[in-house]
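Protein sequences appear in the order of chains A and B. In terms of full-length UniProt numbering, the first sequence opens at residue 1 and continues consecutively. In terms of full-length UniProt numbering, the second sequence opens at residue 1 and continues consecutively. We put the CB at the ideal spot given by N, CA and C, even for glycine. On a predicted model such as this, the values are computed, not experimentally measured, just so you know.
Protein chains: 2
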Amino acid sequence: MNSQPTSHPRRRLLAGSGAALAAAGLGGLAPAARAAGDTPAAAAGTKPLPGYVAWKDPASVIVHSTTTIETRRGSFGTGVLTPSEQLYIRNNLPAPDASVVADRDAWEVEIAGVKNPRRLSVRELKSMGLETLAMVLQCSGNGRGYFPSKPSGTPWQVGAAGCVMWSGVPVRWVADALGGVAGGMAFMTGTGGEKLPEGLDPKTVIVERSVPVAAMADAMLAWEMNGAPIPLAHGGPLRLIVPGYTGVNNIKYVKRLAFTAAETDARIMSHGYRLSPPGGKGDPSQPSVQEMSVKSWINGPGADGGTVKAGLVQVHGVAFGGLHGVSRVEVSLDGGKRWHEARFVGPDLGRYAWRQFVLSAQLPPGAHVLASRATDSAGNVQPEQRAENAGGYNNTSWADHALKVVAA
Amino acid sequence: MNSQPTSHPRRRLLAGSGAALAAAGLGGLAPAARAAGDTPAAAAGTKPLPGYVAWKDPASVIVHSTTTIETRRGSFGTGVLTPSEQLYIRNNLPAPDASVVADRDAWEVEIAGVKNPRRLSVRELKSMGLETLAMVLQCSGNGRGYFPSKPSGTPWQVGAAGCVMWSGVPVRWVADALGGVAGGMAFMTGTGGEKLPEGLDPKTVIVERSVPVAAMADAMLAWEMNGAPIPLAHGGPLRLIVPGYTGVNNIKYVKRLAFTAAETDARIMSHGYRLSPPGGKGDPSQPSVQEMSVKSWINGPGADGGTVKAGLVQVHGVAFGGLHGVSRVEVSLDGGKRWHEARFVGPDLGRYAWRQFVLSAQLPPGAHVLASRATDSAGNVQPEQRAENAGGYNNTSWADHALKVVAA
Chain A
1 MNSQPTSHPR
11 RRLLAGSGAA
21 LAAAGLGGLA
31 PAARAAGDTP
41 AAAAGTKPLP
51 GYVAWKDPAS
61 VIVHSTTTIE
71 TRRGSFGTGV
81 LTPSEQLYIR
91 NNLPAPDASV
101 VADRDAWEVE
111 IAGVKNPRRL
121 SVRELKSMGL
131 ETLAMVLQCS
141 GNGRGYFPSK
151 PSGTPWQVGA
161 AGCVMWSGVP
171 VRWVADALGG
181 VAGGMAFMTG
191 TGGEKLPEGL
201 DPKTVIVERS
211 VPVAAMADAM
221 LAWEMNGAPI
231 PLAHGGPLRL
241 IVPGYTGVNN
251 IKYVKRLAFT
261 AAETDARIMS
271 HGYRLSPPGG
281 KGDPSQPSVQ
291 EMSVKSWING
301 PGADGGTVKA
311 GLVQVHGVAF
321 GGLHGVSRVE
331 VSLDGGKRWH
341 EARFVGPDLG
351 RYAWRQFVLS
361 AQLPPGAHVL
371 ASRATDSAGN
381 VQPEQRAENA
391 GGYNNTSWAD
401 HALKVVAA
Chain B
1 MNSQPTSHPR
11 RRLLAGSGAA
21 LAAAGLGGLA
31 PAARAAGDTP
41 AAAAGTKPLP
51 GYVAWKDPAS
61 VIVHSTTTIE
71 TRRGSFGTGV
81 LTPSEQLYIR
91 NNLPAPDASV
101 VADRDAWEVE
111 IAGVKNPRRL
121 SVRELKSMGL
131 ETLAMVLQCS
141 GNGRGYFPSK
151 PSGTPWQVGA
161 AGCVMWSGVP
171 VRWVADALGG
181 VAGGMAFMTG
191 TGGEKLPEGL
201 DPKTVIVERS
211 VPVAAMADAM
221 LAWEMNGAPI
231 PLAHGGPLRL
241 IVPGYTGVNN
251 IKYVKRLAFT
261 AAETDARIMS
271 HGYRLSPPGG
281 KGDPSQPSVQ
291 EMSVKSWING
301 PGADGGTVKA
311 GLVQVHGVAF
321 GGLHGVSRVE
331 VSLDGGKRWH
341 EARFVGPDLG
351 RYAWRQFVLS
361 AQLPPGAHVL
371 ASRATDSAGN
381 VQPEQRAENA
391 GGYNNTSWAD
401 HALKVVAA
């Protein structure tokens, strides 16, 4: 135990200050350590990180509330996968007690709607198979902040999304091992294991979502995220992963996975996440927010502060196709008048992942509006305009996501 | 500022205790936050994390000393990339003062041995191009701990290695922009920017390494690691990345990149990292430890503690080819008597990355010796035996890396 730190006075000072603040009991907020990079630990204009995600990188995120935290546009890196410490948080209910990750392998999920229904522990699931899957995880309301109508809900800009690597067992292998899906089942319904608030009808608060049974083809019961056990805040010990579908369908702390004849009647399904006309409210007659569609945005240069050095720049961002892969990205330097073909950078992690794109360009001094427009492998083109809806869902407008910068 | 943490008493208690300990000034060791997972923060039998890497995951690493930290075999995930908070540390000299990462873009590197030599800032490099590269970063001495001769140096087992995504500008683009490499230059020589200890001949301590100039083809000047600015401990603001070559050739805090007619005469090159016969010492007449060769090992099940549940198991691990891609992995459940073809899992990140492999197998109760043997795309097969050498370098023996487990 003779280990001594080497001389990094500034680093130690920061750590020490943070620790002292926390020890002083400031609101129970734990000091956040920098998981990567060494920029100043406190970003201006954001609330402090809540204790349960104190391990997030405070300089990379915007804290809207204790359960809604987004990645800063200028903090998205170019390494394809979003580091866990930068990944957004959007939890409909508080996480279960941390005791559930003290013995991760003991967590159980009930598998129903198969020939031989049964409960399976994470330990058993791990023995049944191993696959990995890179996938864009995106909140249904990502981009809501660009709706001029200011819908209620978190005003996310681009940062309620990330590209994440999951490890687990494919749902179809589990279903096969239990005799296959029972007849007549049109949906796959996942139920979250959050502790429900007392005194309320469980149906009104439980996180339970149904997706078409076809989505099971690429779905997974996952225990790892980005090469490490899934943090409690992101749904560990076990999360249902439904690639191509919005975040809410990827059930955290999944305690039940059922193949069902009908959609669940839980309120989060019947009334929540519905595409209602502006001014309206969600109800079961309206389309559900489910599959994602083609989208892209620019992350730099100039996403932090909007000023860039005039001259040669590398305009870069991310693009994804939702259920399809992304096949093409164009970039405009003048708000959409002229478009230039961007180049993809780095490895292709499969059709559910996003891809990095880059355009080398000369930016003369002055103001510029940088925009990107993606096309998926089915030929769908990212639209100029958002589709108006009361909840501020599914904003894929390239115009809304354009980045205003000043070159000097 | 009304942000309040949700109820996670255990998590908050842990954070609070750590903070209190740090505030009490226990040896300057900062509390380490968990960047992923929520298992107990202190792993048995390891020293505490030094302050400059307090953001590492203490449960995932073995701290040999303040400058030598390895990933636990059982902590390697299956998500292809190694999370930064699990990645090993091996620094020949202490890092420069953290002030160098306060303004990352201002860091400068001198480019020499080109037609038009000049200094370039990170800001300028970022304007010149963007590429990403996934690469196995491995210490030359990884596996030294399996040498029965107990060579001096850190007794690494498998964990002085990781697969890392780098973002930066290709060296060849930089050289081209400066008129190309000057005539007669046979080597690419990188110099680290560590502050050198006073009173010593710089040549005896400076981190300066030469690789054949051909290695520039895929080399990169990188500012991001795993999608975030390179942490100081890993060589940020700027690191020279030479894929396929052992860790020491990937110069941290690179301050000079020169194309040279001869290898540097710095001691770390002339006498360090040489393949000397057992009992001998390094000198310039002996082969340098440079290119990596084909290697694999099993990371589970049973890497933590050696006991597994009898029955169906998923034997998994990593395999890489060094300068070539890996094309095949076989797994043995009986110490190498019979071999079974393993399946690759997950995306292929290119020839310098490692791949995850898995074999589904039945393990009856009893003791088993699990081994893996990789073949690269050039047909090189991972050998059974290590090549003995005084420094304990380049251990690729599949027998040494076999995993003993007991199924019950």
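Item                                                                                                                              : Value
Beta-carbon proximity list for residue 401 of chain A, same chain, < 6 Å, skipping 5 on both sides                                : 297
Residues, ordered as in the chain, of the stretch 210–223 of chain B that lie near chain A by beta-carbon distance below 8 Å      : none
Below-7 Å beta-carbon distance, residue 389 of chain A vs any chain B residue                                                     : no
Proximity to residue 218 of chain A [Cα-Cα], best of A:125, A:170, A:146, A:378                                                   : A:170
Stretch pair the stretch 158–165 of chain B + the stretch 185–193 of chain B: three plus CB contacts closer than 8 Å              : no
Whole-angstrom C-beta distance between residue 238 of chain B and residue 109 of chain B, which should lie under 8 Å              : 6 Å
Integer-rounded CB distance, given that residue 83 of chain B should sit under 8 Å from residue 134 of chain A                    : In fact, because the Cβ distance is near 14 Å, the residues do not count as touching under 8 Å.
Sufficient close CB pairs (3 or more, under 8 Å) joining the stretch 314–327 of chain A to the stretch 339–357 of chain A         : yes
Cβ of residue 35 of chain A within 7 Å of any chain B Cβ                                                                          : At residue 35 of chain A the pLDDT is 33, less than 50, meaning the model places this residue with poor confidence; the figure from the coordinates comes in the next sentence. So, interface residue.
Buried versus exposed call for residue 285 of chain B [16 or more other C-beta atoms within 10 Å across all chains shown]         : exposed
Validate contact between the stretch 209–227 of chain B and the stretch 139–153 of chain B using beta carbons, cut 8 Å, 3 pairs   : no
Close-in-space but distant-in-sequence residues of the same chain around residue 16 of chain B (CB under 8 Å, 5 per side omitted) : Confidence in residue 16 of chain B is poor, its pLDDT being 29 and thus under 50, which makes the residue's placement unreliable; the coordinate value appears in the next sentence. No residues qualify anywhere along the chain.
Contact check, residue 251 of chain B vs residue 190 of chain B, beta carbons under 7 Å                                           : yes
For residue 145 of chain B, the residue or residues it bridges with in DSSP                                                       : Note: residue 145 of chain B sits in no beta bridge, so no partner.
Simplified DSSP state of residue 230 of chain B, which is helix, strand or coil                                                   : coil
Start-to-end residues for the beta strand (DSSP E) that takes in residue 255 of chain B                                           : 254–260
Whole-angstrom distance between residue 62 of chain A and residue 142 of chain B, CA atom to CA atom                              : 40 Å
Residue-chain proximity (residue 42 of chain B, chain A), Cβ-Cβ < 7 Å                                                             : Note on residue 42 of chain B: pLDDT 42, under 50, position unreliable in the model; the coordinate value appears next. By this cut-off, residue 42 of chain B is not an interface position.
Segments assigned beta strand (DSSP E), at least 3 residues, entirely inside the stretch 275–307 of chain A                       : 295–300
As assigned by DSSP and simplified to three states, the class of residue 245 of chain A                                           : strand
Run of the beta strand (DSSP E) containing residue 329 of chain A, from where it starts to where it stops                         : 326–332
Residue closest to residue 359 of chain A, alpha-carbon to alpha-carbon, out of A:194, A:68, A:341, A:273                         : A:341
Cα-Cα separation, residue 264 of chain B to residue 203 of chain B                                                                : 9 Å
Beta strand (DSSP E) segments (min. 3 residues) lying fully within the stretch 335–406 of chain A                                 : 343–345, 355–363, 366–376
Minimum Cβ-Cβ distance from residue 135 of chain A to chain B less than 7 Å                                                       : no
Under 8 Å from the C-beta of residue 309 of chain B: neighbouring residues of chain A                                             : 123, 127
Cβ neighbour criterion (16 or more within 10 Å) applied to residue 119 of chain B                                                 : exposed
C-alpha gap between residue 90 of chain A and residue 208 of chain A, whole angstroms                                             : 15 Å
Environment of residue 99 of chain B [buried if 16+ CB atoms lie within 10 Å]                                                     : exposed
Sequence-distant residues of the same chain with beta carbon closer than 7 Å to residue 229 of chain B, five excluded per side    : 104, 223, 236
Residue 307 of chain A classed as buried or exposed, judged by whether at least 16 other C-beta atoms fall within 10 angstroms    : exposed
Contact set between the stretch 137–158 of chain A and chain B, restricted to residues whose Cβ is under 8 Å from the partner     : none
Whole-angstrom distance between residue 399 of chain A and residue 271 of chain B, CA atom to CA atom                             : 60 Å
Residue 182 of chain A - DSSP class collapsed to helix/strand/coil                                                                : coil
Among A:232, A:93, A:336, A:77, nearest to residue 65 of chain A - alpha-carbon criterion                                         : A:93
Secondary structure of residue 110 of chain A, DSSP reduced to three states                                                       : strand
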